[in-house]
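Q: The structure that follows is given in the form of structure tokens.
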Amino acid sequence: MQYGNLTTVLLLRNTLLSLNSSSICHVHWLQVIVALLVLIVCIFLYWRTPTGINAPFAGYRSPWEPPLLVQMRYVFNAASMIREGYAKWKDSLFQISRYDGDILIVPPRYLDDLHNKSQEELSAIYGLIRNFGGSYSGITLLGENDVGIRALQTKITPNLAKLCDDIRDEFQYCLDTDFPACRDWTSVSVHPLFLKAVERITHRIFVGLPLCRNPQWVQATSKHAHYATMIQIAMRSVPKFIQPLLNFCLPWPWKNAACVREAKNALILEMQRRRNLEKVNSFDYIKSNDLLQAVMEMSSPSHEDSQLDVVAQIMLTMNTIAGHSTAASGAHALFDMVSHSKYIELLREEALQVFRHVELRVTKQALGDLRKLDSFLRESQRHNPLSLCFFRVVLDPAGITLQDGTHVPYNTLLCVAPHAISNDPDVIEDPTSFNGLRYYEQRCRDASQEKKHQYATTDKSHLHFGYGTWACPGRFLASDMLKVILTMLLLQYDIRSPERAKRPVAGHFHEFPLFNINTPLLMKRRNDSLVL
Numbered sequence: 001m002q003y004g005n006l007t008t009v010l011l012l013r014n015t016l017l018s019l020n021s022s023s024i025c026h027v028h029w030l031q032v033i034v035a036l037l038v039l040i041v042c043i044f045l046y047w048r049t050p051t052g053i054n055a056p057f058a059g060y061r062s063p064w065e066p067p068l069l070v071q072m073r074y075v076f077n078a079a080s081m082i083r084e085g086y087a088k089w090k091d092s093l094f095q096i097s098r099y100d101g102d103i104l105i106v107p108p109r110y111l112d113d114l115h116n117k118s119q120e121e122l123s124a125i126y127g128l129i130r131n132f133g134g135s136y137s138g139i140t141l142l143g144e145n146d147v148g149i150r151a152l153q154t155k156i157t158p159n160l161a162k163l164c165d166d167i168r169d170e171f172q173y174c175l176d177t178d179f180p181a182c183r184d185w186t187s188v189s190v191h192p193l194f195l196k197a198v199e200r201i202t203h204r205i206f207v208g209l210p211l212c213r214n215p216q217w218v219q220a221t222s223k224h225a226h227y228a229t230m231i232q233i234a235m236r237s238v239p240k241f242i243q244p245l246l247n248f249c250l251p252w253p254w255k256n257a258a259c260v261r262e263a264k265n266a267l268i269l270e271m272q273r274r275r276n277l278e279k280v281n282s283f284d285y286i287k288s289n290d291l292l293q294a295v296m297e298m299s300s301p302s303h304e305d306s307q308l309d310v311v312a313q314i315m316l317t318m319n320t321i322a323g324h325s326t327a328a329s330g331a332h333a334l335f336d337m338v339s340h341s342k343y344i345e346l347l348r349e350e351a352l353q354v355f356r357h358v359e360l361r362v363t364k365q366a367l368g369d370l371r372k373l374d375s376f377l378r379e380s381q382r383h384n385p386l387s388l389c390f391f392r393v394v395l396d397p398a399g400i401t402l403q404d405g406t407h408v409p410y411n412t413l414l415c416v417a418p419h420a421i422s423n424d425p426d427v428i429e430d431p432t433s434f435n436g437l438r439y440y441e442q443r444c445r446d447a448s449q450e451k452k453h454q455y456a457t458t459d460k461s462h463l464h465f466g467y468g469t470w471a472c473p474g475r476f477l478a479s480d481m482l483k484v485i486l487t488m489l490l491l492q493y494d495i496r497s498p499e500r501a502k503r504p505v506a507g508h509f510h511e512f513p514l515f516n517i518n519t520p521l522l523m524k525r526r527n528d529s530l531v532l
């Protein structure tokens, strides 16, 4: 698509010719000003920084459509534009215009090639930062210090079996504290319920007791995540040159800064408490089994006060990216259960069978045995993805070269489109239908592929958590959280939709799902309620 830049050049040439010395005296200054304004508007509409990549663009309605209009349309039509590009060029590269620059969408055949690139060449973390709003995202520390992610991967994920009781205990606390009694049919907004539950469980796993229930910490971190999300939405809604002015005018950045200070103060006090206890009673002191302790131990030794501040910022950054996506997945799963009500009793029976076998204890093995629920979550995610794409940024100053010789320049934002792939009939059989047991049946048919079809597993047909080493590091924790939450809801409550109510239809803001978060379901405490 070079038409836009060519148009700009031609307009510039014609304008300059009209202003040559022989005719300038015959031109009124008003006409000159108008011509210059027209030129500026055309440059603004049509200018696009060349990417250096020879790949077609999706989303243009005509060769002469201004890139700015395409970028504006992408905000709420990303899904259709990506789908259009995938339908035309699913086996090759194509591009899409976005406010923050063009993105390069690569087909699945390049996945292994991308996976083999180092983080110094092709970065998942910087892809997340760029897509979250860049320097305004509040998560830029991830690019400078990845100890939080490494701690999650190496300390939390391998020890999830020891954390199952904490997950169960914290969700039961949420039900007792934040949930209506539901002695009769009660309208409950599903997404806020899941967000509160996921936030509480995340706090328990990340910072442990007693801080996870400290009102100052809970309120400050919840507001911080909310303001960070609002800043992201605002920044992704406008061209880059407007972002500094918008950041100055918006109230959310300074409100967010206040929340960060409050949360960091609470967190630093907790770290100081732990260090003092360890110094006073080093032999009998039992260290907490949470992410905060892991980050404290894995952080580079430095001046104590500065290290505390860095660790606090790391924990806040991890908290920001942890909650909303998991909560949305849980809400969508519950909406899908109610929309396809045959699964409610089927999944409840599975849970009863599994947990009675282990005397109603929540164990890692029991959660793994919920194979039908695992399949249901995977199918729900396929229909309601966390993001239409997962992103990488080329960090190698020389760029990278793909297996077929294609050169991708430095600073290119590239991605794979998992939603388009998992709705391709050549990849997934009957992709438009909702089959909650799709992956359960595949696991039963081929025992050798048992792990391939699990909710938290990534493969080339199911890329919603990413792919390879730098797939979503919290996906195993998210899987266990959702299984505990949904199982406890099924065993303690009857759930249905209000009369004549329909499942909320998900739209998209850029690549992210967008639906009415206040959509309610009706819930009632079961007479034979079973508490794990």
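In my numbering, the protein residues as written are 1 to 532. For each residue, glycine too, the CB sits at the ideal point set by N, CA and C. Owing to the predicted nature of the structure, the values given are computational and were not obtained by experimental measurement.
#1: Please say whether V106 and V416 have beta carbons closer to each other than 7 Å?
#2: Please list the terminal residues of the continuous beta strand (DSSP E) segment that includes F376.
#3: Please work out which residues of its chain come closer than 6 Å, Cβ to Cβ, to S22, disregarding the five sequence neighbours upstream and downstream, and give them in chain order.
#4: Does the separation of the CB atoms of I103 and L413 fall below 7 Å?
#5: Look up H462 in the DSSP assignment and give the residues it is bridged to.
#6: How big is the Cα-Cα spacing for L489 and F335?
#7: Does DSSP put L490 in a helix, in a strand, or in coil?
#8: I'd like the list of long-range same chain contacts for V393, defined as Cβ closer than 6 Å, with 5 residues on each side in sequence excluded.
#9: Would a C-beta distance cut-off of 7 Å place R378 and Y440 closer than the cut-off?
#10: Assuming H419 is part of the alpha helix (DSSP H), what are its boundary residues?
#11: Please classify G52 as buried or exposed, where buried requires at least 16 other C-beta atoms within 10 Å of its C-beta.
#12: Determine which residues share a DSSP beta bridge with C415 and list them.
#13: Quick one: what's H508 bridged to in DSSP?
#14: Closer than 8 Å by C-beta to Y410: which residues in its own chain qualify, once you throw out the five before and the five after it? Chain order, please.
#15: Between the region 466-475 and the region 427-437, do three or more beta carbon pairs fall short of 8 Å?
#16: Could you tell me whether the region 362-372 touches the region 147-165, where touching means 3 or more Cβ pairs closer than 8 Å?
#17: Taking a contact to mean a Cβ-Cβ separation below 7 Å, would you say F512 touches S380 in this structure?
#18: If you reduce the DSSP assignment to three classes, tell me which class I400 lands in.
#19: Does DSSP put F179 in a helix, a strand or coil?
#20: Look up R213 in the DSSP assignment and say whether it is helix, strand or coil.
#21: Just list the residues that DSSP pairs T186 with in beta bridges.
#22: Is it true that the CB of T221 sits closer than 7 Å to the CB of A263?
#23: Between which two residues does the alpha helix (DSSP H) containing I156 stretch?
#24: Could you check if L477 is buried or exposed, using at least 16 other CB atoms within 10 Å of its CB as the buried criterion?
#25: Go ahead and label C249 buried or exposed: buried means 16 or more other beta carbons lie within 10 angstroms of its beta carbon, across all protein chains shown.
#26: Write down the C-beta distance between F171 and I485 rounded to the nearest angstrom, noting that I regard them as a contact closer than 8 Å.
#27: Quick check on this structure: which residue in L532, S288 and Q442 has the alpha carbon closest to the alpha carbon of F270?
#28: Going by alpha carbons, who is nearest to G85 out of V198, H508, P56 and W252?
#29: By how many angstroms is the C-alpha of V311 removed from the C-alpha of Y343?
#30: So if DSSP puts I129 in a beta bridge, which residue, or which two residues, is it bridged to?
#31: Nearest to R496 by CA position, among D112, L360, Q307 and V190, is which residue?
#32: Can the beta-carbon of L142 be found less than 7 Å from the beta-carbon of T317?
#33: Beta strand (DSSP E) containing Q449: first to last residue?
#34: Looking at the C-beta of L250, does it have a partner C-beta in chain D at a distance below 7 Å?
#35: Measuring only the C-alpha atoms, how far is L209 from A228?
A: On the basis of the supplied data:
#1: One-based indexing of the sequence shown puts residue 416 at position 416. One-based indexing of the sequence shown puts residue 106 at position 106. Contact: yes.
#2: The residue you call residue 376 lines up with position 376 of the sequence shown. Note, F376: premise wrong, no beta strand (DSSP E); alpha helix (DSSP H) at R371 to H383.
#3: For the purposes of this step, residue 22 is identified with residue 22 of the sequence shown, where counting begins at 1. Low confidence applies here, because S22 scores a pLDDT of 47, under 50, leaving its location unreliable; read the following figure in that light. None.
#4: Along the sequence shown, one-based indexing puts residue 103 at 103. Along the sequence shown, one-based indexing puts residue 413 at 413. Yes, they are a contact pair.
#5: Translated into positions along the sequence shown, residue 462 becomes position 462. Answer is D459.
#6: Taking the first residue of the sequence shown as position 1, residue 489 is located at position 489. Taking the first residue of the sequence shown as position 1, residue 335 is located at position 335. Distance between the alpha carbons of L489 and F335: 13 Å.
#7: Stepping through the sequence shown from its first residue, residue 490 is reached at position 490. The answer is helix: DSSP assigns L490 an H, G or I state.
#8: Along the sequence shown, read from residue 1 onward, the residue named residue 393 stands at position 393. Leaving aside the five residues that flank V393 on each side, the residues in its chain whose CB is nearer than 6 Å to its CB run, in chain order, S123, Y126, G127, R130 and L413.
#9: As a first step, residue 378 must be located in the sequence shown, where it is residue number 378. As a first step, residue 440 must be located in the sequence shown, where it is residue number 440. In this structure, Y440 does not lie closer than 7 Å to R378 by Cβ.
#10: For the purposes of this step, residue 419 is taken as residue 419 along the sequence shown, with counting starting at 1. Run containing H419: P418 to I421, per the alpha helix (DSSP H) assignment.
#11: Within the sequence shown, the letter at position 52 stands for residue 52. Exposed.
#12: For this step, residue 415 is matched to residue 415 along the sequence shown. DSSP output for C415 lists I105 and F391 as bridge partner(s).
#13: In the sequence shown, counting from the first residue as 1, residue 508 sits at position 508. Under DSSP, H508 takes part in a beta bridge, and its partners are P513.
#14: As a first step, residue 410 must be located in the sequence shown, where it is residue number 410. Within the same chain, Y410 has close Cβ partners V394, L395, D396, P397, A398 and G399.
#15: no
#16: Yes: the two stretches touch, three or more of their Cβ pairs being nearer than 8 Å.
#17: Locating residue 512 in the sequence shown gives position 512, counting from the first residue. Locating residue 380 in the sequence shown gives position 380, counting from the first residue. Result no, Cβ atoms of F512 and S380 do not sit closer than 7 Å.
#18: Within the sequence shown, residue 400 is the residue found at index 400, counting from 1. The answer is strand: DSSP assigns I400 an E or B state.
#19: Within the sequence shown, numbered from 1, the residue matching residue 179 stands at position 179. Here F179 sits in coil by DSSP.
#20: Translated into positions along the sequence shown, residue 213 becomes position 213. Residue state, collapsed to three classes: helix.
#21: As a first step, residue 186 must be located in the sequence shown, where it is residue number 186. Under the DSSP definition of a beta bridge, T186 partners with M523.
#22: Looking up residue 263 in the sequence shown gives position 263. Looking up residue 221 in the sequence shown gives position 221. Against a cut-off of 7 Å, the Cβ pair of T221 and A263 comes out as a contact.
#23: To locate residue 156, count along the sequence shown from 1; it is residue 156. First-last for I156: undefined, no H or E at that position.
#24: Residue numbering aside, residue 477 sits at position 477 when the sequence shown is read from its first letter. Buried: at least 16 other Cβ atoms inside 10 Å.
#25: Within the sequence shown, the letter at position 249 stands for residue 249. Classification of C249: exposed, given that the 10 Å Cβ count is below 16.
#26: Numbered from its first residue, the sequence shown carries residue 171 at position 171. Numbered from its first residue, the sequence shown carries residue 485 at position 485. Yes, F171 and I485 are in contact; Cβ-Cβ is about 6 Å, under 8 Å.
#27: The residue you call residue 270 lines up with position 270 of the sequence shown. The question names Phe, but residue 270 in the sequence shown is Glu. Ranking L532, S288 and Q442 by Cα distance to E270 puts S288 first.
#28: Residue numbering aside, residue 85 sits at position 85 when the sequence shown is read from its first letter. It is P56 whose Cα lies nearest to the Cα of G85.
#29: In the sequence shown, counting from the first residue as 1, residue 343 sits at position 343. In the sequence shown, counting from the first residue as 1, residue 311 sits at position 311. One alpha carbon belongs to Y343, the other to V311, and they sit about 43 Å apart.
#30: Locating residue 129 in the sequence shown gives position 129, where the first residue counts as 1. I129 pairs with nothing; no bridge assigned.
#31: Within the sequence shown, numbered from 1, the residue matching residue 496 stands at position 496. Of the candidates D112, L360, Q307 and V190, the one whose C-alpha sits nearest the C-alpha of R496 is V190.
#32: As a working mapping, residue 142 is identified with position 142 in the sequence shown. As a working mapping, residue 317 is identified with position 317 in the sequence shown. Yes, the pair counts as a contact, with Cβ atoms nearer than the cut-off.
#33: Working through the sequence shown from its first residue, we reach residue 449 at position 449. Q449 -> no beta strand (DSSP E), and no H or E assigned at all.
#34: Protein chains in the displayed structure number just one, and chain D is not present.
#35: Against the sequence shown, residue 209 aligns to sequence position 209. Against the sequence shown, residue 228 aligns to sequence position 228. Roughly 25 Å separates the two Cα atoms.
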